[in-house]
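Working notes, structure below.
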Amino acid sequence: MENFKIVLLNLLIPFLGTTLGAGTVFFMKKEMTSKLKKALSGFAAGVMIAASVWSLLLPSLDISKNQGKIEWLPATIGFMIGIIFLLILDSIIPHLHYKSNKPEGIKAKIKEEIMLVLAVTLHNIPEGMTIGVILASILIGQNGITEAGALALAIGLAIQNFPEGAIISAPLKSKGVSKGKSFFYGMLSGIVEPIAAIITILLTSIVTQFLPYLLSFAAGAMVYVVIEELIPESQEGEHSNIGTIGFSIGFILMMILDITLG
Numbered sequence: 020m021e022n023f024k025i026v027l028l029n030l031l032i033p034f035l036g037t038t039l040g041a042g043t044v045f046f047m048k049k050e051m052t053s054k055l056k057k058a059l060s061g062f063a064a065g066v067m068i069a070a071s072v073w074s075l076l077l078p079s080l081d082i083s084k085n086q087g088k089i090e091w092l093p094a095t096i097g098f099m100i101g102i103i104f105l106l107i108l109d110s111i112i113p114h115l116h117y118k119s120n121k122p123e124g125i126k127a128k129i130k131e132e133i134m135l136v137l138a139v140t141l142h143n144i145p146e147g148m149t150i151g152v153i154l155a156s157i158l159i160g161q162n163g164i165t166e167a168g169a170l171a172l173a174i175g176l177a178i179q180n181f182p183e184g185a186i187i188s189a190p191l192k193s194k195g196v197s198k199g200k201s202f203f204y205g206m207l208s209g210i211v212e213p214i215a216a217i218i219t220i221l222l223t224s225i226v227t228q229f230l231p232y233l234l235s236f237a238a239g240a241m242v243y244v245v246i247e248e249l250i251p252e253s254q255e256g257e258h259s260n261i262g263t264i265g266f267s268i269g270f271i272l273m274m275i276l277d278i279t280l281g
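Start counting the sequence shown at 20; every next residue gets the next number (my numbering).
Structure (structure tokens):
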């Protein structure tokens, strides 16, 4: 029962971050400014990079060492498979990149709404896998990964998910979508995260010996999202330094959370 409560709490916290972020649409009177978008994208990127290092790659190295494996090999292989997996997923799932031309017309407007939801949903898949791998490692009693460390990651992802929820709901509202519908789409994009986490937990419980690979796999997937989507969004056009500052704040915050609680 105690383990169930831990799993449930860590699954709900990141989803709550997305929901609260989407809920900001009820308080926004104007469209989100480009400067705020850059800051939020940079912040999310910083959180994800720090989580990839402290919550995933370093534990992967520690577990490999304890298992008597070549310390860096599982981390390297898993990381590259994570990159390749997201590259394939990115190619087969239609979604809206920051550099895509904006479609015109009513049908195109509806299509863009769907693509925006798919874009954030794609981001949330590796994040859900990350939570799943960490929780699975706790359930099987792996050394080096604590409940506090899992909580730190969940809080960090919730903080990172807050701007993601806002980034998807605010543009939809600015396109004439109702506040309620914009909030629903923003919240809906976060549902894939706990689903991906649960699937990963189930798979990891079967192949516990591959845990170092799975941790680094999740890291590679998150890094792909950062490089492919979040950093370009934060650096596009003028005032790119705002995105850089946001990245620094997100990175430091997640690092402090992980070291303090982990």
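The C-beta atom is built at its ideal place from N, Cα and C for all residues, glycine as well.
Inset, instruction - Take residue 108 and list the residues in its own chain whose beta-carbon comes closer than 8 Å to its own, dropping the five residues that flank it on each side. - result: Along the sequence shown, read from residue 1 onward, the residue named residue 108 stands at position 89. Closer than 8 Å at the Cβ level, and outside the excluded window around residue 108, lie 141, 144.
Inset, instruction - Mark residue 121 as exposed unless 16 or more other C-beta atoms lie within 10 angstroms of its C-beta, in which case mark it buried. - result: Along the sequence shown, read from residue 1 onward, the residue named residue 121 stands at position 102. Residue confidence is low: residue 121 scores 47 on pLDDT, short of 50, so the model does not pin down where it sits. No coordinate-derived value is stated.
Inset, instruction - Would you kindly check if the distance between the Cβ of residue 205 and the Cβ of residue 187 is under 7 Å? - result: Looking up residue 187 in the sequence shown gives position 168. Looking up residue 205 in the sequence shown gives position 186. Result yes, Cβ atoms of residue 187 and residue 205 sit closer than 7 Å.
Legend entry - Continuous alpha helix (DSSP H) assignments of at least 4 residues falling wholly in the segment 171-216: 198-207
Legend entry - Complete runs of the alpha helix (DSSP H) confined to the segment 28-67 [at least 4 residues]: none
Inset, instruction - On a CA-only basis, which of 58, 30, 25 is nearest residue 264? Give me that one, please. - result: Stepping through the sequence shown from its first residue, residue 264 is reached at position 245. Taking only the C-alpha atoms, the option nearest residue 264 is 58.
Legend entry - Counted within 10 angstroms of its Cβ, other Cβ atoms place residue 164 as buried (16 or more) or exposed: The sequence position of residue 164 within the sequence shown is 145, counting from 1. Counting Cβ neighbours within 10 Å, residue 164 comes out buried, since at least 16 surround it.
Legend entry - Beta-carbon separation (whole angstroms), residue 184 vs residue 39, contact threshold 8 Å: Residue numbering aside, residue 184 sits at position 165 when the sequence shown is read from its first letter. Residue numbering aside, residue 39 sits at position 20 when the sequence shown is read from its first letter. Confirmed, Cβ separation roughly 7 Å.
Legend entry - For residue 252, the first and last residue of its enclosing alpha helix (DSSP H): Looking up residue 252 in the sequence shown gives position 233. Run containing residue 252: 250-254, per the alpha helix (DSSP H) assignment.
Legend entry - Limits of the unbroken alpha helix (DSSP H) element including residue 242: Position 223 of the sequence shown, counting from 1, holds the residue named residue 242. That run of the alpha helix (DSSP H) goes 230-244.
Legend entry - residue 179 classed as buried or exposed, judged by whether at least 16 other C-beta atoms fall within 10 angstroms: For the purposes of this step, residue 179 is taken as residue 160 along the sequence shown, with counting starting at 1. Classification of residue 179: buried, given that the 10 Å Cβ count is 16 or more.
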